[in-house]
Amino acid sequence: MTLPPSSPDVGPARGLDRLGGMSPERDDLLAYPRPSVAADVVLLTVADGELNVILRKRDQGSHAGEWMLPGTMLRERERLGDAVLRCLDTRMHIQGRSPRQLHVFDDPGRDERGWVLTVTHLDVLPLSELTLGLEHGHGQLRPVSEVHGLPFSHDEIIAWAVKMVRWEYGQAPDPWNLLDSQFTMTQLRQAHDAVAGTVHQKDTFRRTMEPLLEALEERAVPPGGNGLGRPARIYRKRPDGYQPVLIMA
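Structural data, given as structure tokens:
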């Protein structure tokens with residue numbers, strides 16, 4: 403058989419039998435080049451009114467001493483999800499989370515050590531759940547607006563994650579549960595402002611959000627606890643699971 407002109411130069415009928423099927427020797431997976439597989443985790447949180455990413459300093463090997471995303475290489479016969487949880491536990495002292503698979507970054511030149519693709523995962527969590535790892539020097543907060551020059555295409559990975567999370571916060575109130583289950587409208591707006599990197603107009607935000615929330619009878623104590631000022635209404639997400647098509651531009 404003749405290969406199309408646009409096909410790679412693999413030689414005439416290389417790896418194919420006369421009937422166009424796979425030859426026995428090419429059915430062996432060891433006959434094909436294989437990349438190494440990494441699992442990198444984008445951990446986002448809100449600190450000081452800004453969306454931040456957690457970076458970890460690499461302690462050895464290529465790019466030792468540089469800051470980058472927490473990650474690990476996939477071990478033989480290991481599931482990706484297990485590799486991610488192992489990475490969070492051993493490198494960041496984070497347990498009990500379920501990061502979501504985000505995207506596969508497979509540029510053959512992304513790692514100068516060789517052919518390495520990474521299956522990235524994403525989690526957005528309250529700052530309080532990162533305290534242990536940060537206190538023990540296992541991570542550093544960095545505003546996403548200040549991320550640049552990271553190795554292994556991590557700038558691109560973080561940008562992809564931020565774009566996804568900002569889109570999700572444009573679809574529903576606090577979809578990643580940065581806030582407690584009960585919150586004031588001000589707290590919700592501040593969380594959305596931090597994620598979006600912009601300030602939402604108060605009245606517009608309230609009108610957009612109120613149909614998606616359930617107002618509770620309780621009211622929040624005004625700051626200072628001196629009884630002065632009007633108590634703020636407390637809300638929670640609607641328990642019926644209603645999600646809008648689009649709520650914020």
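Each residue of the sequence shown is one higher than the one before, counting from 403 in the numbering used here. Cβ atoms here follow ideal geometry from the backbone N, Cα and C, with glycine treated the same way.
Task: Top-ranked residue by Cα proximity to His556, from Gln592, Leu446 and Arg512 - done: Arg512
Open item on the list: Below 8 angstroms, how does it come out for the region 433-451 and the region 510-528: are there three or more Cβ pairs, yes or no?
Closed with: yes
Task: Endpoints, the beta strand (DSSP E) within which Tyr637 is located - done: Ala634 to Lys639
Open item on the list: In the DSSP output, what is Glu657 paired with across the bridge?
Closed with: The requested residue 657 is not part of the displayed model; the chain covers only 403 to 651.
Open item on the list: For chain B, check one thing: does any of its Cβ atoms lie closer than 7 angstroms to the Cβ of Arg632?
Closed with: Considering every chain present, this structure includes no chain B. It has just one protein chain.
Task: Alpha-carbon spacing of Glu478 relative to Arg460, whole angstroms - done: 22 angstroms
Open item on the list: Are the CB atoms of Ala617 and Glu452 within a distance shorter than 7 angstroms?
Closed with: no
Open item on the list: Count Cβ pairs between the region 549-567 and the region 531-538 that sit closer than 8 angstroms; are there 3 or more?
Closed with: The region 549-567 vs the region 531-538: no contact.
TODO: Determine the DSSP secondary structure at Thr600, reduced to helix, strand or coil.
DONE: coil
Task: contact_flag[the region 543-552, the region 584-592] where n(CB pairs < 8 angstroms) is 3 or more - done: no
Task: Thr520, buried or exposed, once every other Cβ within 10 Å from all chains shown has been counted against 16 - done: buried
Open item on the list: Does the region 472-490 come into contact with the region 557-576, if we say contact requires no fewer than three beta-carbon pairs (one atom in each stretch) closer than 8 angstroms?
Closed with: no
Open item on the list: Considering Cα atoms alone, identify which of Pro501, His540 and Ala441 is closest to Ile456.
Closed with: His540
Open item on the list: Using only CA atoms, which one of Gln542, Arg609, Arg499 and His594 lies nearest to Val564?
Closed with: His594
- [ ] Please classify Arg458: does DSSP put it in a helix, a strand, or coil?
- [x] DSSP places Arg458 in strand when its eight states are reduced to three.
Open item on the list: Just verifying my parser: in three-state terms, what is the DSSP assignment at Glu548?
Closed with: It is helical.
Task: Coil, strand or helix - Ala379 by DSSP - done: Only positions 403 to 651 of the chain appear in the structure, and residue 379 is not among them; the question remains open.
TODO: Report buried or exposed for Met475, applying the criterion of at least 16 other Cβ atoms within 10 angstroms of its Cβ.
DONE: Met475 comes out exposed.
Task: 7 angstroms Cβ cutoff met for Ala622 and Pro633 - done: yes
Task: Strand pairing of His523, partner residues [DSSP] - done: Val443 and Gln503
Open item on the list: Once the 5 residues before and after Gln497 are set aside, which same chain residues still bring their CB inside 6 angstroms of it?
Closed with: Asp491
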